[in-house]
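*Asks:* Starting off with a structure, shown below.
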Amino acid sequence: MSSATKTQVGIIGGGPSGLLLSQLLHLRGIETIVLEKHSREYVLGRIRAGVLEHGFAALMREAQAGDRMDREGQIHEGFYIAHDGIRQRVDLKALTGGNTVIVYGQTELTRDLYEGRDRLGGVVIHNAEDVQPHDIDTSRPYVTYRQGDETARIDCNFVIGCDGFHGVSRQSIPKDGIRTFERVYPFGWLGVLSRARPVSPELIYAKHERGFALCSLRSPTLSRYYIQVPLTDTVDDWSDEQFFDELRRRLPGDVSEAMITGPSIEKSIAPLRSFVVEPMRYGNLFLAGDAAHIVPPTGARGLNSAASDIYYLYHALVDHYTKRDDSGLENYSRRALTRVWKGQRFSWWMTTLLHRFPDNSPFDQRLQETDLAYLFSSQRALASLAENYVGLPF
Ligand code: FAD
Ligand code: DHB
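Using the numbering used here, the letters of the sequence shown map in sequence onto residues 51 to 444.
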């Protein structure tokens, strides 16, 4: 059995990028269909980002999906960097002339976007298998997929690849049509979501000779903690007790003593990688979010970089449909990449500053220590960190 449908914009991937774009375009009268490989429960079971820029928050409001974020998200005016047994605060608000970030989980944000799609009657097709874009270098691209025994075809004007790092969109571009840039780090982050009061109301990024650690949170009763682990480790290598023992060792004494531990609700390991594909367009296929670029999570840039892609693409598509102006589409890749690379630089720098690199020479270690000492000796260096962390303008 097979069926065929038409839409204006076919979106592959029902993560935050795809849902946000779909919701924004719908509100401007542009039709979309989102094809998601997994079930909604599966997508909402992933625990990922937690820190949002205000530019992202503004897009969520424009998408009519920001009410709960505004009610339940926490405004953070600063965070700490811990090292050598002490904690030093980065006062984001003072250093940026008033800017802050919002702590609100990606899981909740994705839930809000799904609710927004349901409310407006948006089409999101779950469990879409073997999704494949076709004829992307022509003016009549289409996407095929399978659901059980049914195959289906969606004809559209544009295909948007929002299907994350392992998705099919980027892979459907001929090898000579794109160039990739990549760095793989020799470690991962083991993350635990725990039902316990967070140890600190503000995030703590900790540099320690045993490895990096991060204390984050989702709510007054939900903590999110990470530790740097070797790539060879698996989740089964770490019991809750071992995790919290190791986390405590990497934090200043007063923080470790204040730590309350609770049952872990989720535990996962994410490898760290920097990756960019250029250009972010091939014919009428446009890539956005993790489908086009990945950062190591240290600077909390990943989801925020996805949001800036969506901002540019949304405006470009609206201009195409409402003004017959294609300059936004023509310039999409260049504009998006300009900001993407700044996020790459910042994430690489934060990662390099705070992690233990197994192959570092004594010279590399001294440079790392000096980088940190310089940061806290210079208001200008701190201001540079702060302006990147709260998000550069779109
Ligand atoms: P994804 O969220 O990966 O969504 C892609 C969707 O496409 C998925 O639902 C997937 O199922 C679907 N898909 C895949 N293949 C196919 C296919 N063939 N057909 C159809 N659908 C497909 N970022 C931040 O900004 N701040 C943070 O604090 C932060 N912390 C992080 C912590 C961790 C541990 C991790 C792993 C990431 C973190 N990130 C953070 C990064 C952030 O989670 C990602 O950048 C974000 O998920 C990107 O969204 P996306 O929609 O582009 O891709
Ligand atoms: C979280 C993740 C990050 O990568 C980060 O830099 C800050 C917070 C989090 O999951 O809470």
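Each residue gets a CB set at the ideal place from its N, CA and C atoms; glycine is no exception. Values in this document were obtained by computation on a predicted structure and should not be read as measured data.
Near Tyr154, what residues of its chain come up, given a Cβ to Cβ distance below 6 Å and the 5 sequence neighbours on each side ignored?
*Replies:* In the sequence shown, the residue the question calls residue 154 occupies position 104. Correct list, in chain order: Leu102, Met119, Gly123.
*Asks:* Please list the terminal residues of the continuous alpha helix (DSSP H) segment that includes Glu291.
*Replies:* For the purposes of this step, residue 291 is taken as residue 241 along the sequence shown, with counting starting at 1. Counting along the chain, the alpha helix (DSSP H) containing Glu291 begins and ends at 290-299.
*Asks:* By the DSSP assignment, the beta strand (DSSP E) with Phe237 in it spans what residues?
*Replies:* Within the sequence shown, residue 237 is the residue found at index 187, counting from 1. Looking at the DSSP string, the run of the beta strand (DSSP E) that includes Phe237 is 229-244.
*Asks:* Should Gly148 be labelled buried (16 or more other beta-carbon atoms within 10 Å of its own) or exposed?
*Replies:* As a position in the sequence shown, residue 148 is number 98, starting the count at 1. Exposed, because fewer than 16 other Cβ atoms sit within 10 Å of the Cβ of Gly148.
*Asks:* Please report how far the alpha carbon of Leu94 lies from the alpha carbon of His88, in whole angstroms.
*Replies:* As a first step, residue 94 must be located in the sequence shown, where it is residue number 44. As a first step, residue 88 must be located in the sequence shown, where it is residue number 38. Whole-angstrom Cα-Cα distance: 10 Å.
*Asks:* In angstroms, rounded to a whole number, what distance separates the CA positions of Phe262 and Ser377?
*Replies:* The count along the sequence shown starts at 1 and reaches residue 262 at position 212. The count along the sequence shown starts at 1 and reaches residue 377 at position 327. Approximately 44 Å between the Cα atoms of the pair.
*Asks:* Kindly say whether Gly241, judged by its beta-carbon, lies nearer than 8 Å to any beta-carbon of chain D.
*Replies:* The displayed structure is made up of one protein chain only, and chain D is not part of it.
*Asks:* Excluding sequence positions up to five away, which residues of its chain have a Cβ less than 7 Å from the Cβ of Ser306?
*Replies:* Locating residue 306 in the sequence shown gives position 256, where the first residue counts as 1. Here the set comprises Arg298.
*Asks:* If you check the beta carbons only, do His370 and Leu363 fall under 8 Å apart?
*Replies:* Indexing the sequence shown from 1 puts residue 370 at position 320. Indexing the sequence shown from 1 puts residue 363 at position 313. It is not a contact, given that the beta carbons lie outside the stated cut-off.
*Asks:* Taking all protein chains shown into account, do 16 or more other C-beta atoms lie within 10 angstroms of the C-beta of Pro224, making it buried, or fewer, making it exposed?
*Replies:* Taking the first residue of the sequence shown as 1, we reach residue 224 at position 174. Flag for Pro224 reads exposed.
*Asks:* Does DSSP put Gly60 in a helix, in a strand, or in coil?
*Replies:* Stepping through the sequence shown from its first residue, residue 60 is reached at position 10. If DSSP states are grouped into helix, strand and coil, Gly60 belongs with the strands.
*Asks:* So if I measure from each beta-carbon to every heavy atom of the ligand DHB and keep distances below 5 Å, which residues remain?
*Replies:* That gives Gly100, Val101, Ser266, Arg274, Pro347, Ala350.
*Asks:* Would Val440 and Gln394 be called neighbours here (beta carbons separated by less than 8 Å)?
*Replies:* Taking the first residue of the sequence shown as 1, we reach residue 440 at position 390. Taking the first residue of the sequence shown as 1, we reach residue 394 at position 344. It is not a contact, given that the beta carbons lie outside the stated cut-off.
*Asks:* Roughly how many angstroms separate the alpha carbons of Ile80 and Val151, rounded to a whole number?
*Replies:* As a position in the sequence shown, residue 80 is number 30, starting the count at 1. As a position in the sequence shown, residue 151 is number 101, starting the count at 1. Those two C-alpha atoms are separated by around 31 Å.
*Asks:* With DSSP as the reference, please indicate the residues paired to His343 in a beta bridge.
*Replies:* Working through the sequence shown from its first residue, we reach residue 343 at position 293. Val326, per the DSSP bridge assignment.
*Asks:* Are Gly339 and Ser72 close, meaning C-beta to C-beta below 8 Å?
*Replies:* For this step, residue 339 is matched to residue 289 along the sequence shown. For this step, residue 72 is matched to residue 22 along the sequence shown. Not a contact, by the Cβ cut-off of 8 Å.
*Asks:* Report yes if the C-beta of Asp340 is less than 7 Å from at least one heavy atom of the ligand FAD; otherwise report no.
*Replies:* As a working note, residue 340 is residue 290 in the sequence shown. True, at least one ligand heavy atom lies under 7 Å from that Cβ.
*Asks:* What are the complete alpha helix (DSSP H) segments, minimum 4 residues, inside the stretch 112-146?
*Replies:* Counting only runs of 4 or more, we get 117-122, 142-145.
*Asks:* Which same chain residues end up closer than 8 Å to Ala113 when comparing Cβ atoms and leaving out the 5 residues on each side of it in sequence?
*Replies:* What you label residue 113 is simply residue 63 of the sequence shown in a count that begins at 1. Once the five neighbours on either side are set aside, the close Cβ partners of Ala113 are Leu70, Gln73, Leu74, Leu77, Leu163, Gly166.
*Asks:* Would you check if the stretch 132-143 and the stretch 269-282 touch, i.e. whether three or more CB-CB distances between them fall below 8 Å?
*Replies:* Short answer: they don't touch.
*Asks:* Closer than 7 Å: is that where the CB of Glu165 sits relative to any heavy atom of the ligand ATP?
*Replies:* No copy of the ligand ATP occurs in the structure displayed; its ligands are the ligand FAD and the ligand DHB alone.
*Asks:* Leaving out five residues before and five after Ser244 in sequence, what residues of the same chain have Cβ atoms less than 6 Å from its Cβ?
*Replies:* Here the question's residue 244 lines up with position 194 in the sequence shown. The answer, listed in chain order, is Ser273, Gly312, Ser314.
*Asks:* By the three-class DSSP mapping on this structure, what secondary structure does Gly267 have?
*Replies:* If you number the sequence shown from 1, residue 267 lands on position 217. The sequence given here places Leu at residue 267; Gly does not occur at that position. Reduced to three states, the DSSP call for Leu267 is strand.
*Asks:* Are Phe215 and Ala341 close, meaning C-beta to C-beta below 8 Å?
*Replies:* What you label residue 215 is simply residue 165 of the sequence shown in a count that begins at 1. What you label residue 341 is simply residue 291 of the sequence shown in a count that begins at 1. Closer than 8 Å, so yes.
*Asks:* Run through DSSP, which three-state label would Asp180 get?
*Replies:* Within the sequence shown, numbered from 1, the residue matching residue 180 stands at position 130. In this structure, Asp180 counts as strand in the three-state DSSP scheme.
*Asks:* The ligand FAD heavy atoms versus the CB of Ala320: any closer than 7 Å?
*Replies:* In the sequence shown, counting from the first residue as 1, residue 320 sits at position 270. Correct: Ala320 has its Cβ closer than 7 Å to the ligand FAD.
*Asks:* Using C-beta distances below 6 Å, list every residue in its chain close to Ile131, excluding the 5 sequence neighbours before and after it, in chain order.
*Replies:* Start at 1 with the first residue of the sequence shown, and residue 131 comes out as number 81. Around Ile131: Gln138, Tyr255.
*Asks:* Check whether the Cβ of Cys206 lies closer than 7 Å to any heavy atom of the ligand FAD, and answer yes or no.
*Replies:* Position 156 of the sequence shown, counted from the start, is the residue given in the question as residue 206. No - the ligand FAD has no heavy atom lying nearer than 7 Å to the Cβ of Cys206.
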